[in-house]
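For the sequence shown, numbering that gives the first Met the number 0 assigns the number 0 to the initial residue and increments by one for each residue that follows.
Data first, discussion second: the structure below is written as structure tokens.
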Amino acid sequence: MRPPRLILLRGLHLLSFDISGYRWYTRLVALACYALLLMPGFLQVAYCYFFSSQVRRSIVYGDQPRNRLDLYLPTNTNGPKPVVVFVTGGAWIIGYKAWGSLLGLQLAERDIIVACVDYRNFPQGTISDMVKDVSQGISFVCNLIDRFGGDPNRIYLMGQSAGAHISACVLLEQAIKESRGESTTWSVSQIKAYFGLSGGYNLFNLVDHFHNRGLYRSIFLSIMEGEESFEQFSPEVRIKDPRNRETASFLPPIKLFHGTSDYSIPSDASINLVEALKGVGAEAEVILYEGKSHTDLFLQDPLRGGKDDLFDHVVSVIHAGDEEALAKDASAPPRKRLVLEILLRLARHISPF
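Structural data, given as structure tokens:
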């Protein structure tokens, strides 16, 4: 996984965008403490990431330095497997494909292939670069996943936080292109469902919120290529454009998940996107988790082990119609606890997210 030193250097570089970047310092310290508390779990996941034969790391999908993806393969190789393409979060700044390793390993235990797509972060790239990279990664999976035992007609797209925003932008852009008859390298029809976890989908509503949270306006505008690009990269806004009225029929079912105590990206972000999608005839729903924070759903809960409603919901959608897989899911052993409860509670308390 990416050394913490590189994350620290990236954060210090970002301070140059705003002389009042003290909040970045405090958040970097909080991030370091947060990671330290969860380190027992991270070390176990890291061991599997580097040494498990089920993980194929850094498969090249494009010609940019960050155009790499990791594959998590089930031990059972019988028959083509459903595939999840996962796009990690990281505030568009510290995202990395290995951040999805716990999800990848746990879904692989349920006979699902996971492709964690890396992409250029800011300042190496801006939002259009990120969207381009992720689209290219999805194209790789759609066209070549059969070589790794995946079913190219059972692909699911999933993103978390900033990754949910980027992947939603990619999905909508692809649907718009197909609705207009433009040539594409992959088809939205191959995506059976979209899962958005704790994402933000309207940049107009987020810019001030992020500024108050420490992701300063100057940085955010640089990432998003200026306020003039907000509409293009705001799925909630773009889907309402009359010019895109045919797009909804091309979209797969969209399922958004959000914690009601998420202060990094308020749950209204998911609620509003679902309302916008339903308003144009798309199939969409939002599932809210009472009292859950931005990191509970993706980190603390999976590290806690045992039953996880979000994980079970995602798996049930992927295995819908497959009675044998559903029966195996019902009898699957509970997931292993990776971090002591007291450490999880402390980490939640100091989380900078």
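We put the CB at the ideal spot given by N, CA and C, even for glycine.
What you are looking at is a predicted structure, and each value in this text was computed from that prediction instead of being measured.
When the options are compared against residue i, the one with the closest alpha-carbon
i	options	result
S269	L342, Q159, R65	Q159
R119	D145, I264, T87, L101	T87
P252	E282, K277, D267, E274	E282
V285	G305, L30, F121, E274	E274
L59	A31, D267, S138, N211	Per the sequence presented here, residue 59 reads as Val, with Leu not at that position. For the residues A31, D267, S138, N211, the minimum Cα distance to V59 belongs to S138.
I317	N75, R109, E172	R109
Q135	P151, V116, N152, G149	V116
I92	E289, E245, M129, F232	M129
Coil, strand or helix - residue i by DSSP
i	result
M157	strand
V338	coil
L72	coil
E172	helix
A114	strand
S350	coil
Y279	Per the sequence shown, residue 279 should be read as Val rather than Tyr. Residue state, collapsed to three classes: coil.
N152	strand
F232	coil
H312	helix
L5	The predicted position of L5 is uncertain, since its pLDDT is 45 and thus under 50; no value can be drawn from it.
I317	helix
G10	Annotation note: pLDDT 49 at G10 (below 50); position unreliable, coordinate value reported separately. In the structure shown, G10 sits in a helix (DSSP, three-state: H, G or I).
E284	strand
H293	coil
K239	coil
G304	coil
Residue i versus residue j: straight-line alpha-carbon distance, rounded
i	j	result
P234	S186	18 angstroms
R67	S188	24 angstroms
K176	A247	12 angstroms
G198	G162	7 angstroms
L325	A319	7 angstroms
K291	F297	10 angstroms
N142	N204	36 angstroms
H309	F256	Here the sequence assigns Leu to residue 309, which means His is not the residue at that position. Answer to the nearest angstrom: the Cα atoms are 8 angstroms apart.
S330	H208	43 angstroms
L8	L276	Low local confidence applies: a pLDDT of 46 at L8 is under 50, so the model's placement there is unreliable, with the coordinate-based value given in what follows. Their Cα atoms are separated by approximately 39 angstroms.
L35	Q43	13 angstroms
Y48	S178	39 angstroms
Q53	A45	13 angstroms
T25	V236	33 angstroms
R347	Y33	8 angstroms
L345	G40	14 angstroms
P301	V314	14 angstroms
I238	S350	33 angstroms
L171	H293	24 angstroms
L104	G213	32 angstroms
R4	D69	Only weak support is given to the placement of R4: the predicted model assigns it a pLDDT of 47, under 50, and the value that follows is read from those uncertain coordinates. Cα to Cα, R4 sits roughly 22 angstroms from D69.
G225	S263	21 angstroms
L106	E340	23 angstroms
R336	L30	22 angstroms
S19	S217	Any reading at S19 needs caution, since the residue's pLDDT is 46, under 50, leaving its predicted position unreliable; the model's value is listed next. Rounded to whole angstroms, S19 to S217 spans 11 angstroms at the Cα level.
L72	H312	20 angstroms
F85	E227	28 angstroms
R303	N243	43 angstroms
Rounded Cβ spacing between residue i and residue j (contact assumed at less than 8 angstroms)
i	j	result
Y200	L272	4 angstroms
V82	I144	5 angstroms
V140	I154	6 angstroms
G305	P333	5 angstroms
I222	F352	Not quite, the Cβ-Cβ distance comes to about 17 angstroms (not below 8 angstroms), so this is no contact.
G258	S266	7 angstroms
V113	I165	No, V113 and I165 are not in contact; Cβ-Cβ is about 17 angstroms, not under 8 angstroms.
F249	A167	In fact, because the Cβ distance is near 14 angstroms, the residues do not count as touching under 8 angstroms.
G148	K96	Actually they are not in contact, since the Cβ atoms of G148 and K96 sit about 20 angstroms apart, beyond 8 angstroms.
- Item | Whole alpha helix (DSSP H) elements within the stretch 175-224, 4-residue minimum | Listed in chain order, the complete alpha helix (DSSP H) runs (minimum 4 residues) inside the stretch 175-224 are 202-212, 216-222.
- Whole alpha helix (DSSP H) elements within the stretch 76-137, 4-residue minimum: Runs found: 100-107.
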